[in-house]
Amino acid sequence: MKEYDTQVSSIVKEQLKRLHKITEIKLEQKKLENELKRMEMEHKDCSTRVEKLLEKHAWIVTENQLFGRRGADYDFESRDPHRARTELEKQSNQVWRKGEQESYGDV
Numbered sequence: 057m058k059e060y061d062t063q064v065s066s067i068v069k070e071q072l073k074r075l076h077k078i079t080e081i082k083l084e085q086k087k088l089e090n091e092l093k094r095m096e097m098e099h100k101d102c103s104t105r106v107e108k109l110l111e112k113h114a115w116i117v118t119e120n121q122l123f124g125r126r127g128a129d130y131d132f133e134s135r136d137p138h139r140a141r142t143e144l145e146k147q148s149n150q151v152w153r154k155g156e157q158e159s160y161g162d163v
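To convert, note that position 79 of the sequence shown is 135 in our numbering; the numbers rise steadily by one, no gaps.
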């Protein structure tokens with residue numbers, strides 16, 4: 057009889073472990089479903105935003121083939137905005153100095 061009790065106890069423990077595992081899996085499934093819904097909503101919002109941008113800015117349609125192309129005007133991965141700003145400031149200062157020199161030369 058004790059042997060049967062041990063077997064039953066073992067089976068009950070295994071059943072509880074499996075039920076717990078099922079609960080964990082269902083919880084994970086629910087989390088993934090919620091994440092999927094969130095991503096679908098985000099995708100829809102992004103698509104709507106793209107449509108509005110295309111309507112508002114006609115140039116996007118004509119320049120679209122250049123987006124993401126290496127070396128093209130819209131290849132932002134190959135551009136360094138900090139270096140570009142420094143270069144812009146440097147050139148602006150040169151233009152300003154040249155303009156000042158020309159205006160003093162007229163005096």
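Don't be surprised by glycine CBs; every beta carbon is placed ideally from N, CA and C.
Out of curiosity, what's the CA-to-CA distance linking residue i and residue j?
| i | j | result |
| --- | --- | --- |
| residue 91 | residue 148 | 49 Å |
| residue 134 | residue 96 | 31 Å |
| residue 139 | residue 129 | 16 Å |
| residue 58 | residue 89 | 46 Å |
| residue 94 | residue 87 | 11 Å |
| residue 145 | residue 81 | 58 Å |
| residue 155 | residue 124 | 38 Å |
If you check the beta carbons only, do residue i and residue j fall under 8 Å apart?
| i | j | result |
| --- | --- | --- |
| residue 122 | residue 116 | no |
In its own chain, which residues sit with a C-beta less than 7 Å from the C-beta of residue i, not counting the 5 before and 5 after it?
| i | result |
| --- | --- |
| residue 67 | none |
Can you give me the Cβ contacts of residue i inside the same chain, cut-off strictly under 8 Å, excluding the 5 residues immediately before and after it?
| i | result |
| --- | --- |
| residue 69 | none |
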